[in-house]
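Colleague: Pasting a structure below so you can have a look.
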Amino acid sequence: MADANEDYFYEALPFAETHPDHLGAIGVLFGLRPAPPARCRVLEIGTATGGNVLPMAAAFPESRFVALDRAEDSLAVARKHAEGARLANLALHLADIRAFEDEPGSFDYIVCHGVYSWVPDDAREAIRRVVRRHLAPHGLAYISFNTLPGWHLRGAIRDMLRREVGTEGSAAERVAKARAFLRFLGTEAPGSDPARAWLASELQTLAELSDHYLIGEHLAPNNHAEYFADFVRDMEGAGLAFVTDAHVPLVFPERLGPAADEAVRARAGSGDLVSLQQSLDLLELRCFRRAVLCRDDAPLSPRVSADRIFSLVLASPLAPGTTAPNLAEGVEETFVGPGGAIGTDQATLKAALVTLSEYTPGGLPFDALAWQTGEKLGLAAFEGEARARLARNLLGLYTKGAIRLWASPKPVAQAPAKHPRAFPFARYQASVGSPFCTTLLHEGVQVDTFDRAILARMDGTRDASALTEAALEDARRCVVSVEMNGAPCTDAEVFAEITEQKLLRFARMGFLME
C-alpha cells in the first residue's frame, strides 16, 4: 500500500479470488500444473493487517507463506494475529517491494491485491520484476488494478475529494471532511441530468463502503488507472503472460447478450484475447480488473478443454426450484441461486446440480460427482461420452458464474455435528472480538456478539447445550446482547433456539469442519 496514510490502518479482508484453491483451478483449466494448495509457497505483496494471508496460512499448515508491507503499524497488527493464531508457517516482513529479493522461482502463487494502481511508477515496475523473478515455472500471480475508461468517471469524484480535503490533518480528520463533502454532492438539485443520476449511484456506493476504502482509494496520493491493453503490454515486457480474469465469467462477451457478443467479437477481429478484453472494457466502461498471470515461458493453453475439470472440485450455490425435481430427460427443471435462475431439461446436468446442492457449500471432486450423478439416474456406469458431456455442461455453467472450481477439497461439514468444530482461524477471530470472521471458503462474514460467543468455543468439545450455556454466561456478563420486545433477554429456551439457528447458518456459510 501507499504510505501517505500510515496513521490509518487499511482494513484487510479475505478475497476468495486470491486463494490458491481458486488460482490453482484456473491454472489447471489453462493447461498448467500448479502446486497443490496444501503444499505450496505463497507471496503476498501489500498484506496490510494480514486479513487475506492469515486465514490462508491457517488453512494450509504445510504450505509456506511470506507477506510484505511497508506500513509498520499495520504489519504489527498482522504479527499480533499471526502469533495469537499460532501460525508458524507465515513470515511477515517490513519491506519495500523495490528492495525485495528471494530465491528465483520460489513462489507458486503471488498475490498483489489493492496495491498496483496505488503506488508510484517505480514501485509498479518493481512489482512486475519481483513477480517474474520469483514465480515458479507453473505458478500463478494475481494483480488487481484500476482500469480505463471506467475510472475516468470514478476518478472525477476522487479529484474533487482530493481538492476539497487537501493533505493536512490526520487521516481520520480527512475522512470526516471527505464524508461531509460527499453529503454535499448528494444534495438534491432540480433537473434530470444523466450525470447527476450517475453521481447519485456512485455516492450511494461510497456511503456503503468503509472509511478504510475511502482513504485508500480516493484520498491516497497515487491512483494510477490504465487501459487493459497497456497493462498487458507492461506485463509482457516484464516476461509475464495474461491468463484470464480472476472472476472468469467476466472474460466472456456472450454474457452481455447476442448483440453485444457479436459487436465485441467483430471489433476484436482475429480473436486475439487482449483485443477482445479491451473491447469488453470499452463497452462496459470497466473500472477494475483482477488479472491472473503466469510466466511467459509457461506451457499456457489459450483454449480451455472440458476434460481438465476431471481433477478439480466443483461447488454450486444453485438449488432446485422444487422440492422433488424430475430428473427425466426432456423435462425442464429450474435451479435458483444468488445470480438468478437457470433451466435445463438434460437428465445428467439436473442430477449433477441436485447432487451439488446436497453438498453445498463444500462441493465434490468431479469423480465423486459423476458417480453420484450416475447413481441418481440408475446408471450402471457413467463413463465415456456421458462423462464428457457432463463436464462440458458444468464448464459452461462455470463460465456463467453458476459453478465454482477449486484445486483441492474443502474440509467443510454439510451440517452441524453433535460437537461442532469451526475453522480454527475463525475461532481465533471470534475470541479477539473481530467484526468479521473467515470461512473455510475464504470469505469474510460479518458476525455479532452471539456469533462470536459460540464460534470462539466451537473446538469440537462442546455440544449445542454447552454452547448455549456459554452464550448465556456471556449475556450475564453483558458481553452478548439479545433483546426481546425491546428488553434484554437471558431466557435459556430463547438462547437454545438462537444457537440452533446460528449453527445451521455457520454450516451454510462454510465455518464448520468435517
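Per the UniProt record's numbering, the sequence shown starts with residue 1, numbered consecutively. For every residue, glycine included, the Cβ atom is placed at its ideal position computed from N, Cα and C.
Within the UniProt domain "PKMT C-terminal winged helix" (420 to 501), note down every full beta strand (DSSP E) run reaching 3 residues or more, in order along the chain.
Modeller: Segments of the beta strand (DSSP E) lying fully in the UniProt domain "PKMT C-terminal winged helix" (420 to 501): 436 to 438 and 444 to 446.
Colleague: Suppose only complete runs of 3+ residues qualify. What are the beta strand (DSSP E) ranges in the region 340 to 406, listed by chain order?
Modeller: Correct list: 340 to 344 and 404 to 406.
Colleague: Can you find the residues in the same chain that come closer than 6 Å, C-beta to C-beta, to Tyr8, ignoring five residues on each side of it along the sequence?
Modeller: Along the sequence shown, one-based indexing puts residue 8 at 8. Interpretation of Tyr8 is limited by its pLDDT of 47, a score under 50 that renders its predicted location unreliable; no figure is taken from the coordinates.
Colleague: Among the residues of its own chain, which have a CB less than 6 Å from the CB of Ala4, if the five just before and after it don't count?
Modeller: One-based indexing of the sequence shown puts residue 4 at position 4. With a pLDDT of 41 at Ala4, under the threshold of 50, the modelled position of this residue cannot be trusted; read the value that follows with caution. Hits under 6 Å: Ala220 and Pro221.
Colleague: What residue range is occupied by the uninterrupted alpha helix (DSSP H) comprising Leu92?
Modeller: Counting from one through the sequence shown, the residue named residue 92 turns up at place 92. Premise fails: Leu92 lies in the beta strand (DSSP E), Leu90 to Leu94, not in any alpha helix (DSSP H).
Colleague: By Cβ distance below 6 Å, which residues in the same chain neighbour Val131 in space, the five residues on each side in sequence not counted?
Modeller: The sequence position of residue 131 within the sequence shown is 131, counting from 1. Contacts found: Ile110 and Ala141.
Colleague: Confirm, please, whether the CB-CB distance from Pro249 to Leu276 is below 8 Å.
Modeller: Locating residue 276 in the sequence shown gives position 276, where the first residue counts as 1. Locating residue 249 in the sequence shown gives position 249, where the first residue counts as 1. It is not a contact, given that the beta carbons lie outside the stated cut-off.
Colleague: Among all the DSSP beta bridges, which residues are the ones paired with Leu276?
Modeller: Here residue 276 refers to the residue found at position 276 of the sequence shown. For Leu276, which the question treats as bridged, DSSP gives no partner whatsoever.
Colleague: Would Met1 be called buried (16 or more neighbouring beta carbons within 10 Å of its own) or exposed?
Modeller: Walking along the sequence shown from the start, residue 1 turns up at place 1. Here the model assigns Met1 a pLDDT of 38, short of 50, so the residue's position is not dependable and the matter cannot be decided.
Colleague: Just mark Met513 as buried or exposed, buried being the case when its beta carbon has 16 or more other beta carbons within 10 Å.
Modeller: Looking up residue 513 in the sequence shown gives position 513. With 16 or more other Cβ atoms within 10 Å, it is buried.
Colleague: Run through the UniProt domain "Methyltransferase" (42 to 139) for me and flag every whole beta strand (DSSP E) of 3 or more residues, listed as ranges in chain order.
Modeller: Taking only runs of at least 3 residues, the beta strand (DSSP E) segments lying wholly in the UniProt domain "Methyltransferase" (42 to 139) are 64 to 69, 90 to 94 and 107 to 112.
Colleague: Buried or exposed: Thr468, going by 16 or more other Cβ atoms within 10 Å of its Cβ?
Modeller: Counted from its first residue, the sequence shown places residue 468 at position 468. Thr468 is buried by the Cβ-count criterion.
Colleague: Is the beta carbon of Phe288 less than 8 Å from the beta carbon of Leu13?
Modeller: For the purposes of this step, residue 288 is taken as residue 288 along the sequence shown, with counting starting at 1. For the purposes of this step, residue 13 is taken as residue 13 along the sequence shown, with counting starting at 1. Result no, Cβ atoms of Phe288 and Leu13 do not sit closer than 8 Å.
Colleague: Return the Cβ separation of Ala402 and Leu318 in integer angstroms, given the expectation that the two are a contact with Cβ distance under 8 Å.
Modeller: Numbered from 1 along the sequence shown, position 402 holds the residue referred to as residue 402. Numbered from 1 along the sequence shown, position 318 holds the residue referred to as residue 318. Confirmed, Cβ separation roughly 6 Å.
Colleague: Using only the alpha-carbon positions, how far apart do Glu6 and Met56 sit?
Modeller: Within the sequence shown, residue 6 is the residue found at index 6, counting from 1. Within the sequence shown, residue 56 is the residue found at index 56, counting from 1. Any reading at Glu6 must be qualified, since the residue scores a pLDDT of 46, below 50, and its modelled position is unreliable; the value itself is stated next. About 25 Å.
Colleague: Can you say whether Ser74 is buried or exposed, counting buried as having 16 or more other CB atoms within 10 angstroms of its CB?
Modeller: Here residue 74 refers to the residue found at position 74 of the sequence shown. Looking at its Cβ environment, which holds 16 or more other Cβ atoms inside 10 Å, Ser74 is buried.
Colleague: Count the other CB atoms within 10 Å of the CB of Leu209; is the residue buried (16 or more) or exposed (fewer)?
Modeller: Position 209 of the sequence shown, counted from the first residue, corresponds to residue 209. Leu209 comes out exposed.
Colleague: Could you check whether the Cβ of Asp245 sits closer than 8 Å to any Cβ belonging to chain E?
Modeller: In the structure shown, chain E does not exist; there is a single protein chain.
Colleague: Indicate whether residue 522 and Asp230 have their beta-carbon atoms separated by less than 8 Å.
Modeller: As shown, the chain starts at 1 and ends at 514. That puts residue 522 outside it, with no answer to give.
Colleague: May I ask you to report which of helix, strand or coil DSSP gives Ser144?
Modeller: By one-based count along the sequence shown, residue 144 stands at place 144. If DSSP states are grouped into helix, strand and coil, Ser144 belongs with the strands.
Colleague: Spatial neighbours of Arg508 within its chain, please: CB distance less than 8 Å, with the 5 preceding and 5 following residues excluded, ordered by chain position.
Modeller: Within the sequence shown, the letter at position 508 stands for residue 508. The answer, listed in chain order, is Thr360 and Pro361.
Colleague: If you reduce the DSSP assignment to three classes, tell me which class Thr322 lands in.
Modeller: For this step, residue 322 is matched to residue 322 along the sequence shown. In the structure shown, Thr322 sits in coil (DSSP, three-state: anything other than H, G, I, E or B).
Colleague: Tell me which residues share the same chain as Arg154 and place their Cβ nearer than 6 Å to its Cβ, disregarding the 5 neighbours each side in the sequence.
Modeller: The count along the sequence shown starts at 1 and reaches residue 154 at position 154. Excluding positions up to five away in sequence, the list reads Cys287.
Colleague: For Ala123 and Leu441, what's the separation of their Cα atoms in angstroms?
Modeller: As a first step, residue 123 is located in the sequence shown; it is residue number 123 there, counting from the start. As a first step, residue 441 is located in the sequence shown; it is residue number 441 there, counting from the start. Each residue's Cα considered, the two are about 31 Å apart.
Colleague: Phe100: which of Val66, Ala78 and Leu283 sits nearest, CA to CA?
Modeller: Here residue 100 is taken as the residue at index 100 of the sequence shown, counted from 1. The candidate whose alpha carbon is nearest that of Phe100 is Val66.
Colleague: Can the beta-carbon of Glu226 be found less than 8 Å from the beta-carbon of Leu282?
Modeller: In the sequence shown, counting from the first residue as 1, residue 226 sits at position 226. In the sequence shown, counting from the first residue as 1, residue 282 sits at position 282. No, they are not a contact pair.
Colleague: Would you say the region 446 to 464 touches the region 416 to 432, given that touching needs at least three Cβ pairs under 8 Å?
Modeller: Touching, per the Cβ criterion.
Colleague: Cβ of Ala82 within 8 Å of Cβ of Gly50?
Modeller: Within the sequence shown, numbered from 1, the residue matching residue 82 stands at position 82. Within the sequence shown, numbered from 1, the residue matching residue 50 stands at position 50. Yes. Within cutoff.
Colleague: Counting only runs that start and end within the region 233 to 313, where is the beta strand (DSSP E) found for 3 or more residues in a row?
Modeller: Within the region 233 to 313, the complete beta strand (DSSP E) runs of at least 3 residues are 240 to 245 and 288 to 295.
Colleague: Just to confirm, is the Cβ distance from Ala417 to Lys376 under 8 Å?
Modeller: Residue mapping note: residue 417 aligns to position 417 of the sequence shown, counting from 1. Residue mapping note: residue 376 aligns to position 376 of the sequence shown, counting from 1. Not a contact, by the Cβ cut-off of 8 Å.
Colleague: First and last residue of the beta strand (DSSP E) that includes Phe335?
Modeller: Counting from one through the sequence shown, the residue named residue 335 turns up at place 335. Here the beta strand (DSSP E) through Phe335 covers Glu333 to Gly337.
Colleague: Note down, in chain order, each residue of its chain lying with its Cβ closer than 6 Å to the Cβ of Arg265, except the 5 sequence neighbours on either side.
Modeller: As a first step, residue 265 is located in the sequence shown; it is residue number 265 there, counting from the start. Around Arg265: no qualifying Cβ.
Colleague: Going by DSSP in three states, Ala413 sits in which element: helix, strand or coil?
Modeller: The residue given as residue 413 occupies position 413 in the sequence shown. Three-state result, Ala413: coil.
Colleague: Report buried or exposed for Thr47, applying the criterion of at least 16 other Cβ atoms within 10 angstroms of its Cβ.
Modeller: Position 47 of the sequence shown, counted from the first residue, corresponds to residue 47. Label assigned to Thr47: buried.
Colleague: For Arg39, is the classification buried or exposed, using 16 other Cβ atoms within 10 angstroms of its Cβ as the cut-off for buried?
Modeller: The sequence position of residue 39 within the sequence shown is 39, counting from 1. Result: exposed.
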